[in-house]
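Visitor:
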Amino acid sequence: MSIDYRAEIERMKRELDVTVVAHYYQRDEVFEMADITGDSLELARRCQADSNPWVVFCGVGFMGQSVKVIAPHKRVLMPKIACCAMARMIDGSYFDESVEYMVKHGIDKEQILPITYINSDATVKSKVGEMGGLVCTSSNAYKIIEKGLESGKKILFVPDRCLGQNFAIQMGLKSCVIGAGECDPREADVICFNGFCSVHQLFSVEDINFYRQKYPGIKIAVHPECDPSVVLAADFAGSTSQLIAYVNALDPEQKVAVGTEYNLVNRMRKGNTYVLSATKPECPTMNETTLEDLYRTLKSIETNEPINEIVVDEHTIYWANIALERMLAIK
Ligand code: 13P
Ligand code: SF4
2 MSIDYRAEIE RMKRELDVTV VAHYYQRDEV FEMADITGDS LELARRCQAD SNPWVVFCGV
62 GFMGQSVKVI APHKRVLMPK IACCAMARMI DGSYFDESVE YMVKHGIDKE QILPITYINS
122 DATVKSKVGE MGGLVCTSSN AYKIIEKGLE SGKKILFVPD RCLGQNFAIQ MGLKSCVIGA
182 GECDPREADV ICFNGFCSVH QLFSVEDINF YRQKYPGIKI AVHPECDPSV VLAADFAGST
242 SQLIAYVNAL DPEQKVAVGT EYNLVNRMRK GNTYVLSATK PECPTMNETT LEDLYRTLKS
302 IETNEPINEI VVDEHTIYWA NIALERMLAI K
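The sequence shown begins at 2 in the working numbering and counts up by one.
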């Protein structure tokens, strides 16, 4: 007899002390089952405030890890421990090399303030915390960089070069990317690691021109993980939640093309909303989680044999938590 996954998931959610969490990029079938949905910042905040001891996180590794770091008493399981490709571009040793690069180019270590995008491993967040730095997300990066600048230090921004450059442009700051052309840290305010999101690299200025030619007056809204040339050419850039709010506030007759992950754009208001790409911009790792995986994970709590539990060592939790809390303290 086949299992009715939906009905079983609903039953276990009622019977177990568990909260199911999903990022906007999850497949619809999984997303519909979640108790908490949101962008990275909202998910971190809401999971911390949630009282259930169990969290089943449908997303990518750094998101589940972040919950474990800010609420270590919780048991966090992930139906698939799928890694964000951008987060995998930097580890502790690449972070150390970036700091060394700045030191070699004449900046004292004490004069460096590292900021890591939340899309990074807990070990990187921990190193950032130890150096007095903090975390940001795509929805609060402006505020976090602004706060960071108050220290009078140079900002080392990891791992997303696009996010770092986009906010530097918006704030009128000078930026450069280590390993991409000339990058003299003495000449820049924001020094970026050379990481990127392969999904958001799919959107181009040609895509924007195509839509503007086809539908004069169309609005273009993109995620700040897109290339700076794309963000500069767009009408709006924002986090996943900010993109949803932007599109919802438009007149229903206003056409809009959105440059972010497919599952989210496909769930936006129907009619007059387009995916800003000729290819289907799916995040492969976000897409790995299925309804069956969610069912199995909840079942593992029910049978007291938890699977795919997020484990982070104490030292990493201590410093990564400081980096995350510094961010959460900034309203
Ligand atoms: P948000 O913080 O906007 O949800 O973005 C997360 C992400 O991974 C975008 O690719
Ligand atoms: Fe990571 Fe890009 Fe997927 Fe976001 S869309 S989770 S940055 S790989």
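By construction, the Cβ of each residue, glycine as well, lies at the ideal position given by its N, Cα and C atoms.
1) Run through DSSP, which three-state label would G39 get?
2) Return the chain-ordered list of same chain residues with a C-beta closer than 8 Å to the C-beta of Q166, the five sequence neighbours on each side being excluded.
3) Helix, strand or coil for L78? Go by DSSP, reduced to three states.
4) Using 8 Å as the Cβ pair cut-off and three pairs as the minimum, do the segment 287–297 and the segment 23–39 touch?
5) By DSSP's criteria, T117 is part of a beta bridge. Which residues make up the other side?
6) Strictly closer than 7 Å from CB to any heavy atom of ligand 2: give me those residues in the order they appear in the chain.
7) Based on the DSSP secondary-structure assignment, which residues constitute the bridge partners of F237?
8) Can you round the beta-carbon distance between A45 and I71 to whole angstroms, since I take them to be within the 8 Å contact cut?
9) What I want to know is whether the C-beta of H74 ends up closer than 7 Å to one or more non-hydrogen atoms of ligand 1.
10) Quick check: what's the CA-CA separation for I209 versus K14?
11) With burial defined as no fewer than 16 other Cβ atoms inside 10 Å of the residue's Cβ, what is the status of H316: buried or exposed?
12) Taking all protein chains shown into account, decide if I4 is buried (16 or more other Cβ within 10 angstroms of its Cβ) or exposed.
13) Whose CB is closer than 5 Å to a heavy atom of ligand 4? List the residues in chain order.
14) Mind checking whether L17 and W55 have CB atoms under 8 Å apart?
15) Buried or exposed for P73, please, with buried defined as at least 16 other CB atoms from any protein chain shown within 10 angstroms of its CB.
16) Closer than 8 Å is the cut-off here; do at least three beta carbon pairs connect the segment 121–136 with the segment 79–96?
17) How many angstroms separate the CA atom of E226 from the CA atom of E306?
18) Does the distance from the C-beta atom of A169 to that of V206 stay below 8 Å?
19) Between which residues of its own chain and L203 is the CB-CB distance below 8 Å, once the five residues before and five after are set aside?
20) With C-beta atoms as the reference, is V159 less than 8 Å away from S242?
21) Under 8 Å between the Cβ atoms of Y26 and M287?
22) Quick one: what does DSSP say E72 is sitting in, helix, strand or coil?
23) From the DSSP output, read off the bridge partner residues of E310.
24) Can you round the beta-carbon distance between I145 and I331 to whole angstroms, since I take them to be within the 8 Å contact cut?
25) Just the Cα atoms here: how many angstroms apart are S139 and G149?
26) For F63, I'd like the list of residues in its chain whose CB is within less than 7 Å of its CB, leaving aside the five on either flank, ordered along the chain.
27) Do V257 and L251 have their C-beta atoms within less than 8 Å of each other?
28) Would you call A189 buried or exposed, if buried means 16 or more other Cβ atoms sit within 10 Å of its Cβ?
Guide: Inspection of the coordinates gives the following:
1) Position 38 of the sequence shown, counting from 1, holds the residue named residue 39. The answer is strand: DSSP assigns G39 an E or B state.
2) For the purposes of this step, residue 166 is taken as the residue at position 165 of the sequence shown. These residues qualify, in order along the chain: S176, V178, V191, C193 and P229.
3) On the sequence shown, position 77 is the one that residue 78 refers to. DSSP places L78 in strand when its eight states are reduced to three.
4) yes
5) The residue you call residue 117 lines up with position 116 of the sequence shown. Paired residue(s): V136 and V159.
6) Y26, V61, C85, A86, M87, A88, N120, C198, S199, V200, H201, E226, E262, C284, T286 and M287
7) Within the sequence shown, numbered from 1, the residue matching residue 237 stands at position 236. Per DSSP, A222.
8) Numbered from its first residue, the sequence shown carries residue 45 at position 44. Numbered from its first residue, the sequence shown carries residue 71 at position 70. That belief holds up - the Cβ atoms of A45 and I71 are roughly 6 Å apart, short of 8 Å.
9) Numbered from its first residue, the sequence shown carries residue 74 at position 73. Checking the Cβ of H74 against ligand 1 gives no.
10) Walking along the sequence shown from the start, residue 209 turns up at place 208. Walking along the sequence shown from the start, residue 14 turns up at place 13. Rounded to whole angstroms, I209 to K14 spans 43 Å at the Cα level.
11) The sequence position of residue 316 within the sequence shown is 315, counting from 1. Burial call: exposed.
12) Residue numbering aside, residue 4 sits at position 3 when the sequence shown is read from its first letter. Label assigned to I4: exposed.
13) Looking at this structure, you won't find ligand 4 anywhere; what it does contain is ligand 1 and ligand 2.
14) Sequence index remark: in the sequence shown, residue 17 carries index 16 (1-based). Sequence index remark: in the sequence shown, residue 55 carries index 54 (1-based). Result yes, Cβ atoms of L17 and W55 sit closer than 8 Å.
15) Within the sequence shown, numbered from 1, the residue matching residue 73 stands at position 72. Result: exposed.
16) yes
17) Position 225 of the sequence shown, counting from 1, holds the residue named residue 226. Position 305 of the sequence shown, counting from 1, holds the residue named residue 306. Approximately 38 Å between the Cα atoms of the pair.
18) For the purposes of this step, residue 169 is taken as the residue at position 168 of the sequence shown. For the purposes of this step, residue 206 is taken as the residue at position 205 of the sequence shown. Result no, Cβ atoms of A169 and V206 do not sit closer than 8 Å.
19) As a working mapping, residue 203 is identified with position 202 in the sequence shown. Only S278, T280 and P282 meet the Cβ criterion.
20) Reading the sequence shown from its first residue, position 158 is the one you call residue 159. Reading the sequence shown from its first residue, position 241 is the one you call residue 242. Not closer than 8 Å, so no.
21) Start at 1 with the first residue of the sequence shown, and residue 26 comes out as number 25. Start at 1 with the first residue of the sequence shown, and residue 287 comes out as number 286. In this structure, M287 lies closer than 8 Å to Y26 by Cβ.
22) For the purposes of this step, residue 72 is taken as the residue at position 71 of the sequence shown. Per the sequence shown, the amino acid found at residue 72 is Ala instead of Glu. Coil, per DSSP.
23) To locate residue 310, count along the sequence shown from 1; it is residue 309. Note: E310 sits in a beta bridge opposite L78.
24) Here residue 145 corresponds to residue number 144 of the sequence shown, with the count starting at 1. Here residue 331 corresponds to residue number 330 of the sequence shown, with the count starting at 1. Yes, I145 and I331 are in contact; Cβ-Cβ is about 6 Å, under 8 Å.
25) The count along the sequence shown starts at 1 and reaches residue 139 at position 138. The count along the sequence shown starts at 1 and reaches residue 149 at position 148. Roughly 15 Å between the two C-alpha positions.
26) Taking the sequence shown and counting its residues from 1, one reaches residue 63 at position 62. Cβ within range, chain order: C85, A88, I119, N120, S121 and D122.
27) What you label residue 257 is simply residue 256 of the sequence shown in a count that begins at 1. What you label residue 251 is simply residue 250 of the sequence shown in a count that begins at 1. Yes; because the gap between Cβ atoms is below 8 Å, this pair is in contact.
28) As a first step, residue 189 must be located in the sequence shown, where it is residue number 188. Buried is the call here.
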